[in-house]
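Chemist: This is the structure, below, for whatever I ask next.
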Amino acid sequence: MSARITQGLTAVALIIQISAFSAYAAGTPANTQVSNTATVDYSISGTPQPTATSPSVTFVVDRKINFAVAEVGGAYTTVAAGALAQAMKFTIVNSSNDTMDFALSYTHDAGSLDPFGGTDSFDTTNVRLFRDSDNNGIFSPADIQITSPFFLDEVSPDLTLTLFVVSDIPAGQPGNTISSGSLKAIAHAGGGTGALGARHAKTIGPNTPLVVDTVLADAAGSASGDAAGDGQHSDNDAYKVSASPPTPTPLAVEKSFFVVVDPQNQTVNP
Numbered sequence: 194m195s196a197r198i199t200q201g202l203t204a205v206a207l208i209i210q211i212s213a214f215s216a217y218a219a220g221t222p223a224n225t226q227v228s229n230t231a232t233v234d235y236s237i238s239g240t241p242q243p244t245a246t247s248p249s250v251t252f253v254v255d256r257k258i259n260f261a262v263a264e265v266g267g268a269y270t271t272v273a274a275g276a277l278a279q280a281m282k283f284t285i286v287n288s289s290n291d292t293m294d295f296a297l298s299y300t301h302d303a304g305s306l307d308p309f310g311g312t313d314s315f316d317t318t319n320v321r322l323f324r325d326s327d328n329n330g331i332f333s334p335a336d337i338q339i340t341s342p343f344f345l346d347e348v349s350p351d352l353t354l355t356l357f358v359v360s361d362i363p364a365g366q367p368g369n370t371i372s373s374g375s376l377k378a379i380a381h382a383g384g385g386t387g388a389l390g391a392r393h394a395k396t397i398g399p400n401t402p403l404v405v406d407t408v409l410a411d412a413a414g415s416a417s418g419d420a421a422g423d424g425q426h427s428d429n430d431a432y433k434v435s436a437s438p439p440t441p442t443p444l445a446v447e448k449s450f451f452v453v454v455d456p457q458n459q460t461v462n463p
């Protein structure tokens with residue numbers, strides 16, 4: 194910024210230069226301290242004057258919560274009636290600038306449209322959650338099962354995890370029927386290994402420079418009531434039972450016998 198001030202016969206030219214560290218919530222860790230100052234270099238009637246420097250101003254970077262759950266594959270998970278341990282695949286990406294815990298839940302979408310245009314008509318059983326422990330993207334019983342209270346612990350910024358929803362399909366389930374459901378994650382505070390932290394809530398009111406405020410930047414999810422900026426995100430997937438096999442043709446069995454040889458008559462009229 195420049196300004197020219199004329200007073201009498203004396204011309205004063207001011208050139209203000211402000212130097213500051215630029216910080217943005219995304220990518221800069223929460224609670225990072227940022228300090229900056231303003232300096233002014235100026236001349237009076239062409240004569241340089243000593244640089245004027247302002248006192249330092251300090252603030253801390255706020256917490257921006259942004260994450261997403263996503264179904265992987267973009268198609269039905271095809272299963273057979275009576276099949277056990279059938280896996281649907283999801284990812285969760287922590288795009289926040291802080292380490293997070295995520296509370297997890299899976300809910301059947303009873304009677305609603307599934308993500309691929311069909312309609313949910315049955316519920317699976319024995320639903321379990323697993324984390325892909327070897328990062329190969331393929332479900333194995335050796336993967337880490339997530340047990341009650343069903344949460345991911347200490348998920349670092351920019352980390353992507355693969356999750357499996359694993360269910361059993363009821364025996365006798367008709368072909369082409371569908372079971373749809375949503376996997377939801379809710380943002381909680383990290384920082385303590387082995388325990389689910391407190392649920393994050395957005396900070397209300399004006400910014401406090403030396404306090405880590407919380408901003409919720411998540412998008413709306415697929416589950417009912419999952420709105421943008423509510424600290425949770427969800428996506429849905431669906432099982433589809435393969436078409437029933439054709440009814441087998443009844444088989445008739447007939448048995449007959451005749452004598453070929455006997456020890457006395459051999460082959461002549463045995």
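Numbering-wise, the working numbering puts 387 at position 194 of the sequence shown, and it's gapless, one number per residue.
Glycine is no exception: its CB is placed at the ideal position from the N, C-alpha and C atoms.
For clarity, every value in this text was computed on a predicted model and none was experimentally measured.
Buried or exposed: where does Lys-257 fall if 16 or more other Cβ atoms within 10 Å of its Cβ makes it buried?
Modeler: Its Cβ being crowded by 16 or more others within 10 Å, Lys-257 is buried.
Chemist: At a threshold of 6 angstroms, does Pro-463 count as lining the ligand SAM (C-beta to nearest heavy atom)?
Modeler: Questions concerning the ligand SAM fall outside what the structure shown contains, since it holds no ligand whatsoever.
Chemist: For the putative contact between Phe-344 and Leu-297, defined by C-beta atoms under 8 angstroms, what is the C-beta separation to the nearest angstrom?
Modeler: About 6 angstroms separates the two Cβ atoms, so the contact holds.
Chemist: Quick one: give me the first and last residue of the beta strand (DSSP E) that Lys-282 is part of.
Modeler: Note, Lys-282: beta strand (DSSP E), 279–287.
Chemist: My understanding is that Phe-323 touches Phe-283, with C-beta atoms under 8 angstroms, so please give their C-beta distance in whole angstroms.
Modeler: Going by Cβ atoms, the distance from Phe-323 to Phe-283 rounds to 11 angstroms, so no, they are not a contact pair.
Chemist: Let me know the secondary structure DSSP gives Thr-312 once reduced to three states.
Modeler: Thr-312 falls in the strand class under three-state DSSP.
Chemist: Is Val-233 near Ala-245, with beta carbons less than 7 angstroms apart?
Modeler: Yes, the Cβ-Cβ distance between Val-233 and Ala-245 is below 7 angstroms.
Chemist: Closest to Ser-474 by C-alpha separation, out of Thr-230, Val-265 and Thr-240, would be which residue?
Modeler: Residue 474 cannot be examined here, being either before or after the span of the chain that is shown, 194 to 463.
Chemist: Taking the straight line between their C-alpha atoms, what separation do you get for Ala-223 and Gly-304?
Modeler: Whole-angstrom Cα-Cα distance: 42 angstroms.
Chemist: Assuming His-426 contacts Met-293 under a Cβ cut-off of 8 angstroms, what Cβ separation, rounded to an integer in Å, is found between them?
Modeler: The Cβ separation is near 12 angstroms, so there is no contact.
Chemist: DSSP on Val-348, reduced to helix/strand/coil?
Modeler: Reduced to three states, the DSSP call for Val-348 is strand.
Chemist: Where Val-253 and Ser-289 are concerned, what is the direct C-alpha to C-alpha distance, given to the nearest angstrom?
Modeler: Near 16 angstroms, if we compare the C-alpha coordinates of Ser-289 and Val-253.
Chemist: On the DSSP bridge assignment, give the partners of Pro-241 in chain order.
Modeler: DSSP, once it has assigned bridges, lists Ser-236 as partnering Pro-241.
Chemist: When you compare the CB positions of Gly-374 and His-393, do they come within less than 7 angstroms of one another, or not?
Modeler: Their beta carbons are not under 7 angstroms apart, which means Gly-374 does not touch His-393 by this criterion.
Chemist: Identify, in the order they occur along the chain, each residue of the same chain with its Cβ nearer than 7 angstroms to the Cβ of Ile-464, setting aside the five sequence neighbours on each side.
Modeler: As displayed, the chain neither begins before 194 nor continues past 463, which places residue 464 out of reach and without an answer.
Chemist: Closer than 8 angstroms is the cut-off here; do at least three beta carbon pairs connect the segment 405–420 with the segment 360–378?
Modeler: In short, these stretches touch, since the Cβ pair count reaches three.
Chemist: If Asn-287 and Pro-350 are in contact, beta carbons under 8 angstroms, what's the gap, nearest whole angstrom?
Modeler: That belief holds up - the Cβ atoms of Asn-287 and Pro-350 are roughly 6 angstroms apart, short of 8 angstroms.
Chemist: Please classify Leu-409 as buried or exposed, where buried requires at least 16 neighbouring CB atoms within 10 angstroms.
Modeler: It counts as buried.
Chemist: Nearest CA to the CA of Val-265: which residue from Pro-241, Pro-334, Tyr-299 and Met-281?
Modeler: Considering only alpha carbons, the answer is Met-281.
Chemist: So, is Gly-275 buried or exposed, given that buried needs 16 or more other C-beta atoms within 10 angstroms?
Modeler: Classification for Gly-275: exposed.
Chemist: DSSP three-state call for Leu-297: helix, strand or coil?
Modeler: Leu-297: strand per DSSP, three-state reduction.
Chemist: I need the boundaries of the beta strand (DSSP E) containing Phe-357, first residue and last residue.
Modeler: Residues 353–361.
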